[in-house]
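A.B. asks: Quick one: structure below, then a few questions.
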Amino acid sequence: MLFLGAAFSLRAQSLFTPEVLWQFGMISETVASADGNKIAYAMRKNNLAENTGNTDLYLMDVDGKNLKQLTQTPKSESNVQFSKDGLKLYFLSPEAGENQVFVYTLATGSKVQLTNRTGGLNGFSFSPNEDKMLFTADVSLVPTLKDQHPDLPKATGQLYDALMHRHWNAWADGTFSHVFVQNLANGKAEGNALDLMPNEKFNSPLKPFGGIEDIAWSNDGGKIYYTCKKKYGAAS
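FYI, my numbering numbers position 18 of the sequence shown as 207, with every residue one higher than the one before it.
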């Protein structure tokens with residue numbers, strides 16, 4: 190009788206379906222301030238009817254109080270991180286058209302675009318003293334079929350002579366993710382960014398699931414460590 194009663198009770202409740210799961214916010218990229226008092230995180234909310242989703246950034250005290258939504262844009266923010274003094278948040282946002290680094294000042298709620306790189310950035314990280322910034326960005330090293338045959342501007346074919354020609358759901362398009370380092374002065378870029386992998390037809394971080402967490406500064410900020418599979422040597 191107890192078993193039957195329990196079974197009946199379960200049937201009377203709403204089922205935990207994929208549609209119900211989609212109604213939950215999906216939290217990621219949780220980071221704590223250096224003093225351990227605040228937590229910032231990204232949360233993605235999905236629209237089942239439109240088959241779309243959007244990620245915004247939130248901030249709260251470690252005890253869950255003073256929850257505040259920091260961004261509310263039609264574009265998804267990512268790569269959120271605190272400044273060394275805990276007074277600012279840095280993050281990536283494509284609201285300017287391509288992913289760029291923005292800085293959010295906690296005291297005033299102001300948001301300022303920090304970078305303006307053509308082609309955008311994929312991820313970033315500041316050195317321990319915040320006098321340098323490393324970032325990853327795509328560089329084009331292999332001419333596409335359209336580049337090789339400008340008389341065929343509507344060509345959609347792909348030409349490959351080596352693996353890997355596809356990563357998960359994306360075809361190799363002749364671009365490679367490289368690691369760059371940028372000097373900073375008073376929080377602004379100083380000079381041109383340096384490509385640490387010039388002319389190399391390799392990716393860092395590794396595709397398809399690698400991210401900025403695969404790249405790290407040394408404690409003194411004098412070195413950068415990154416993951417990469419360099420099987421052939423640098424391209425000419």
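C-beta atoms are modelled at their ideal positions from N, C-alpha and C, and glycine is treated no differently.
So, with DSSP's three-state summary, where would you put Q337?
C.D. replies: helix
A.B. asks: Check for me: the alpha helix (DSSP H) holding L330 runs from which residue to which?
C.D. replies: Taken as a continuous stretch (DSSP letters only), L330 belongs to no alpha helix (DSSP H), as it is neither H nor E.
A.B. asks: Give me the residue from F213, L246 and S217 with the minimum Cα distance to N235.
C.D. replies: F213
A.B. asks: How is the beta strand (DSSP E) around L210 delimited, first residue to last?
C.D. replies: Note, L210: premise wrong, no beta strand (DSSP E); alpha helix (DSSP H) at P207 to W211.
A.B. asks: Could you tell me the alpha carbon to alpha carbon distance between A405 and I413, rounded to whole angstroms?
C.D. replies: 6 Å
A.B. asks: Using the three-state DSSP reduction, which class does E402 fall into: helix, strand or coil?
C.D. replies: helix
A.B. asks: When DSSP labels each residue in this structure, what does A424 get in the three-state scheme?
C.D. replies: Summary for A424: the model assigns pLDDT 48, below 50, so the residue's position carries little reliability, and this model does not support an answer.
A.B. asks: Mind reading off the beta-carbon distance from N311 to N288? Whole number of angstroms is fine, and I expect it under 8 Å.
C.D. replies: Yes, N311 and N288 are in contact; Cβ-Cβ is about 7 Å, under 8 Å.
A.B. asks: Thinking L373 and K321 are a contact (beta carbons under 8 Å), I'd like their distance in whole angstroms, please.
C.D. replies: 6 Å
A.B. asks: What distance in whole Å lies between the Cβ atoms of H367 and W360, which are believed to be in contact at a cut-off of 8 Å?
C.D. replies: With 8 Å as the limit, W360 and H367 do not qualify as a contact, their Cβ atoms being about 19 Å apart.
A.B. asks: Please report the straight-line C-alpha distance between E208 and L334, rounded to a whole angstrom.
C.D. replies: 41 Å
A.B. asks: Consult DSSP for N372 and reduce its assignment to one of helix, strand or coil.
C.D. replies: strand
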